[in-house]
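S.K.:
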Amino acid sequence: MTKHVRHRKAADAIRTAVVRPLTRARGRRRRTHAKRVLGRPDYPRSGRSGWRRWIPSWRQSLASFLMAVAALVGVVTIAYVRTEIPEGLNGFATQQDNVYYWADGTPMARTGWVRRQEMPLEKIPEHVRWAVLAAENAGFYSDPGVSASGVTRALWRTLGDGDTQGGSTITQQYVKNVYLTQDQSLSRKFTEVLLAIKVDRHHSKDRILEDYLNTSWFGRGTYGLQRAAQAYYGKDVTQLNASEGAFLAAMLKGASLYDPAISPANRERAVERWSWTLDRMVEIGRLSREERARYTRFPEPRAATTPSTVGGQNGYLVDLAGTYAKRAGRISDARFDLGGYQVYTTFQKPRTTALTKAVAAARAGLDPEKRPADRHTRFGAASVAPDGRILAVHGGPDYQKQAFNESNAATVPAGTVFTPFVYAAALEHGVQRERGGPRVPVTPSTVYDGDDGTPLRTPDGPYWDRAGKMAKATNLDGRSHGRISLRRAMAESADAPFLQLGMDVGLEQVRRTAQSAGLLASSLGPPVPDFALGNSTPSAIRMASAYSMFPARGTHTEPYSVLRVTHKGEPVPLTAPRKQRAVSPEVADQVTDALARDEEDAGTGDGTQAPDGTDTAEDTDAAEGRDAADGTAGKTGGTRDDTARWYAGYSPTEATAVVVYRMDLATSLAPLPLTGLGGDSTAGAGRPADIWNQYTDAVRDASSRGRDDRGKTR
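If you count the sequence shown from 1, you need to add 66 to reach my numbering.
(1) Reducing DSSP to helix, strand and coil, say where phenylalanine 313 ends up.
(2) Would you mind giving the Cβ-Cβ distance between leucine 522 and proline 595, rounded to the nearest angstrom? I have them listed as a contact below 8 Å.
(3) Does the Cβ-Cβ distance between asparagine 164 and arginine 182 come in under 8 Å?
(4) Restricting to Cα atoms, I'd like to know which of Thr524, Leu279, Tyr727, Ala492 is closest to glutamate 500.
(5) Within its chain, find whatever has a CB closer than 7 Å to the CB of valine 425; leave out the 5 residues flanking it on each side and keep chain order.
(6) Between the alpha carbons of arginine 711 and tyrosine 410, how many angstroms are there, rounded?
(7) Measuring straight from C-alpha to C-alpha, what distance separates arginine 532 and lysine 701?
(8) Can you tell me the Cα-Cα spacing of arginine 619 and leucine 552, whole angstroms?
(9) Mind reading off the beta-carbon distance from alanine 387 to valine 638? Whole number of angstroms is fine, and I expect it under 8 Å.
(10) Just how far apart, CA to CA, sit tyrosine 489 and tyrosine 716?
(11) Please determine, among Glu357, Pro479, Leu314, the residue with the shortest C-alpha to C-alpha distance to alanine 294.
(12) Name the one or two DSSP bridge partners that glutamine 760 has.
(13) Rounded to whole angstroms, what is the Cα-Cα separation between leucine 565 and proline 592?
(14) Determine the extent of the alpha helix (DSSP H) in which alanine 580 is found, giving its start and end residues.
(15) Would you give the residue range spanned by the beta strand (DSSP E) that asparagine 164 belongs to?
(16) Per DSSP, what kind of secondary structure is aspartate 664 in: helix, strand or coil?
(17) Thinking just about the alpha-carbon of each residue, which of Gly503, Val497, Asp515, Asp517 is nearest to the one in threonine 509?
(18) My output table needs one value for threonine 816: the three-state DSSP class, helix, strand or coil.
(19) Indicate whether threonine 443 and glutamine 379 have their beta-carbon atoms separated by less than 8 Å.
(20) Could you give the distance in angstroms between the alpha-carbon of threonine 658 and the alpha-carbon of alanine 491?
(21) Taking the alpha carbon of glutamine 162 as the reference point, which residue from Gln292, Tyr390, Tyr299 has its own alpha carbon closest?
(22) Per DSSP, what kind of secondary structure is lysine 645 in: helix, strand or coil?
(23) Where DSSP assigns a beta bridge to alanine 197, which residues make up the other side?
(24) If you drop the 5 nearest sequence neighbours on each side, which residues of the same chain put their C-beta closer than 7 Å to that of proline 416?
(25) So valine 726 and alanine 610 are in contact, right, with Cβ under 8 Å, and what is the actual spacing, rounded?
(26) Kindly list the residues whose CB is nearer than 7 Å to the CB of glutamate 40, restricted to its own chain and excluding five residues on each side of it in sequence; keep chain order.
(27) Among Ser559, Gln646, Lys535, which has the Cα closest to the Cα of arginine 545?
(28) According to DSSP, is glutamate 636 helix, strand or coil?
(29) With DSSP run on the structure shown, which of helix, strand or coil describes valine 478?
(30) With 16 other CB atoms within 10 Å as the buried threshold, where does glutamine 296 fall?
(31) DSSP three-state label for aspartate 767, please.
(32) Beta-carbon within less than 8 Å of glutamine 414's beta-carbon, same chain only, minus the 5 sequence neighbours each way: which residues are those?
(33) So, does the stretch 342-358 touch the stretch 319-333, judging by three or more C-beta pairs under 8 Å?
(34) I'd like to confirm something about glycine 351: is its beta-carbon nearer than 7 Å to some heavy atom of the ligand HEM, or not?
(35) Among residues of its own chain, excluding the 5 on either side of threonine 304, which ones have a beta-carbon nearer than 6 Å to its beta-carbon?
(36) Could you give the residue range of the beta strand (DSSP E) that holds valine 726?
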C-alpha cells in the first residue's frame, strides 16, 4: 500500500469519528432553530428521553399561560361588546298595582297581579336609603358594578357545590331582578356580571339605586319599598325613620327568614339584623351615635294581613272610583292598567257597612227558593253629600259573583220619587196656563185638583193621547184628594196635581230643572204627561245626587267618588266636579218643607196602609215637628206598572236613595213586576223606606257615639 493511500484512509477515519458527528449535531441545531423560528415549539422536547421529553420548559409554561390569559381577555371583551342592555324589563318589574283608600285614608282594596308601586329616589328618606346600602352594599357609590371578591366567592361555590348564591352587589342584584331569570347557572352569572358592568357605565348610581329599591322583593307579597312600608308599617315610605328602614333592609335577605310574623325564630334573627344594620350605618358615617342611641326598641311591624281584594261591596266601589279617576285624571285604560296609582276615594267605610247591613236585613225577608216573585230582586242604594261626594253605595250581593252594579242601573223608572223636581220647577219658573199668556207665580199654597180622573189640559186646551182619547190625571193610590195645595199634595203623594202641574210649567222646563239638579239627559224620559210621574230612568246614585241639591239649597255638584290621585308620589291633576245652580235657595227650602211632611209615609209608600188599616198619609202634622227637629226629609216613589219602589231622603249632611226592583240579568235589563214580592200584597212597598230608616239610624247613632267619645277624650 502506497503512502498516499494510507493518508487518505486515515483522513476518512478521522472524518467518520469526529467530523460527521459534529456535522450531524450542527444539523440538529439548525433544524431546532428553524422550528423555533417557524413558531413550532420543541415539544416533545428534543434532547430529552423518556418521560422528561413531555415536561414543558419554563418558557413554554409562561407562554401557554400568557396565551390563555390573552384568549380569555379576548373572549370576555367580545362578549362585553356584544352584550346590550335589554330595552324591556321583566313583566313584574314594570307592572304595579293600584291601591284604593277609604275617605279616612285607610287601605280599601288593590287591583293588579303584582303588589308594587314606584317611588322616586328623592322622595325616599336618605336614612332609609343608607340603611339598605349599609346592609347590602356600603361601597355601592364607588364600586364598578361588580365585586371581584364576591364574584370569586360565587364562582368557587358554584364549582364546589353548584350553588351560585352570594357575592352580588346592588347593581348585580338589580340586573338579576329586572333583566334576567332566576336560573342558577354559570352562564347566567357570567351574563349578570357583564350586564352589571355595562349598566354601571351607562346609568347613574342614583338611577340604579332607585330602580333597585322599586323592584326588590320584600315579602308579604310586595315589591318595592313603598308597598313594603305599607305592608309592614301601614305608612308611605316617606314617613319611615332610620330604625324602620333598617328592619326593611333585612327583608332583602329573605322574608321567610326575617319576617317576625312567621315565627319567633324569625323575630330573633330580625332583631339581630336590625341592630347590626344600625351599627353598620354608624360605622360608615351615615348615622350619628346620638341618633343610634335613640333606637333601642325594635320597631315591631304590624301583623300580616290578607291582601284586600275587589270582592264584596269593595268591588263596586273600586269600579266606580277607577272609572272616575281615569275620566277626571285623563288617564288612558292602558296606562292605568300598568298600575302605580294611589286612589283616595270619597267612600266612608262606616256608612258603607251600615248600608250593606240595612240591605242585607231587607234581603233576609225574601225566599227565592219558595217564592218565584222573590227571584231576581235587586237593591240599589247610594248616599251622596251636598258637595257631591259619594259616601256609600250598595251595588249588589258580591262583585266577584255579580259585577252588575244595582245602584247604577239606568233602566229602572223613577216613578213618583221624581215629583219634587216638578214642584221645584213650578216654584222656580211659575206656570203658563194659556198660550201667549204670562207666567203666573206658584207657591206651596197654590191649589190644584187632586181628584182621580181629572182631564189634563195644555195652554192650547185638552191633551189628547195618540189613541185620540183625552188624557186624564190619575193617582197611583186610586183615591181622590179633592182641591189640595201643592204642599199638601207633595206630603200626601197625590199624583194628579203634579201631572197637571207638569203640563202648566212645561215639560221642557221640568226637564231642564231635573237635568240641572243632576239627572243625566240620557236617562230622562219622553215629553208626555207621565214625564211628571217619573218615566225617566235615573240610577240610585244619580237620584241621590239630585236630591242632595235640596240640602245644598239649590246648588248641585256633580257626584264624584275620588278625592285625589297620586302616582309615584306626585298628585295627578283631576278635573273639578262641575257646580251649577238648579233652583234658588228659597225654592229648595220650600221643597224641603213639603218633603219633611212626607217623612211619616216612609214606612209604606204611595197608597198603602199601616198594619192597623189607617192610611199613614193622613196624619202628617206630628211628623212635621219631628222632621223639623232632625232636619230629615224624604219622598216615597212607585210606578204605574209596579216595577220599582223607591225612597229618597236627605238630611243636612247627605242624601240617600234606595230602589227595589226585579231584573233577570240573564235575559234582559227590563225590570219585572214586583207583584207578590216577599209574599206581601203591597209588593214590598215599605222595603226601600225600611232600608233608608235603618241606615240613617245607624249613621245617626255612630255620629252620636263619636261625639260622646270626643267629649270623653277632652
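Using N, Cα and C, we set each Cβ at its ideal position, and we do this for glycine too.
M.R.: Concretely, from the data shown:
(1) helix
(2) 6 Å
(3) no
(4) Thr524
(5) Phe445, Ala447, His460, Ile757
(6) 33 Å
(7) 31 Å
(8) 20 Å
(9) With a Cβ gap of about 13 Å, alanine 387 and valine 638 do not count as contacting.
(10) 17 Å
(11) Leu314
(12) DSSP lists no partner for glutamine 760.
(13) 14 Å
(14) 573-582
(15) 164-167
(16) For aspartate 664, the predicted structure reports a pLDDT of 46, less than 50, and the residue's modelled location is therefore unreliable. The matter cannot be settled from this model.
(17) Val497
(18) Nothing about residue 816 can be read from this structure; the chain reaches only from 67 to 780.
(19) no
(20) 14 Å
(21) Gln292
(22) strand
(23) Per DSSP, none; premise fails for alanine 197.
(24) Ala768
(25) Valine 726 to alanine 610, Cβ: 15 Å. No contact.
(26) Outside the shown range of the chain (67 to 780) lies residue 40, about which nothing can therefore be said.
(27) Ser559
(28) strand
(29) coil
(30) buried
(31) helix
(32) Trp168, Ala169, Asp170, Leu457, Ala458
(33) no
(34) Here there are no bound small molecules, and the ligand HEM is not part of this structure.
(35) Lys189
(36) 721-728
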